[in-house]
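Notes follow the structure.
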Amino acid sequence: MAEAVAGVAPFTLAVAGVGAFPRPDAARVIWAGCGDGREALVALAERVERALVAAGFPPEPRPFSPHLTLGRVAQGGLTRDLAAAVAAARDRAFGTLPVRTVVLYRSDLRPDGPIYTPLATFPLEG
Numbered sequence: 543m544a545e546a547v548a549g550v551a552p553f554t555l556a557v558a559g560v561g562a563f564p565r566p567d568a569a570r571v572i573w574a575g576c577g578d579g580r581e582a583l584v585a586l587a588e589r590v591e592r593a594l595v596a597a598g599f600p601p602e603p604r605p606f607s608p609h610l611t612l613g614r615v616a617q618g619g620l621t622r623d624l625a626a627a628v629a630a631a632r633d634r635a636f637g638t639l640p641v642r643t644v645v646l647y648r649s650d651l652r653p654d655g656p657i658y659t660p661l662a663t664f665p666l667e668g
C-alpha cells in the first residue's frame, strides 16, 4: 500500500450535495458527495485498487463512487421526512477537508452495525 500512495500529494476535497444509494426512494445509505478534488480522489482510489489486485485481492466489480457516508437506513426506515430532507440538501455545500493520509481499515460486519478497526496509516507526501 505504501507504494500505491508514494508520490501522491495531499489535496483538498470539497464536500457538496446529499443523495442516497441505491436511489432516494429506496435509500439504504445517505451520503454527501465530492466536488473539487474529486479527480485526485478517483486517481488515488485507482492506484490503491491496482495495488490490492496485484497483492491478490479480487477487483471491485462496482465503479468507484466517491462519497462520505452520513448514515445507513434500517430496513423499512425510510420515511417521507427523511426523503424530503435528502432532497432539500441535494445541492448543499458543506465545505472542504484536507486529504493527508490513507488509512487501511478492517471492517467486521455485525448485526448491530459494522466495527471499523484501523490497521495501518499511509501519509500522502508527494
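All letters in the sequence shown, in the order written, are residues 543 to 668 by the numbering used here.
Built from N, CA and C at the ideal position, the CB exists for glycine as well.
As DSSP reads the structure, residue 553 sits in a beta bridge with 641.
In this structure, residue 590 and residue 546 form a Cβ contact; the two beta carbons are roughly 5 Å apart against a cut-off of 8 Å. Rounded to the nearest angstrom, the gap between the Cα atoms of residue 662 and residue 650 is 16 Å. With a contact defined as Cβ atoms closer than 8 Å, residue 645 and residue 552 miss out at about 14 Å.
Annotation: residue 621 to residue 561 spans about 15 Å, alpha carbon to alpha carbon. Assignment of residue 615 by DSSP, reduced to helix, strand and coil, places it in the coil class.
DSSP, read as helix, strand or coil, puts residue 564 in coil. Here residue 572 is buried. Its C-beta has 16 or more other C-beta atoms within 10 Å. With fewer than 16 other Cβ atoms inside 10 Å of its own Cβ, residue 630 counts as exposed.
Contact between residue 638 and residue 557 holds: their C-beta atoms lie close to 7 Å from each other, under 8 Å.
Non-local C-beta neighbours of residue 598 in its own chain, meaning closer than 6 Å and more than five positions away in sequence, are absent.
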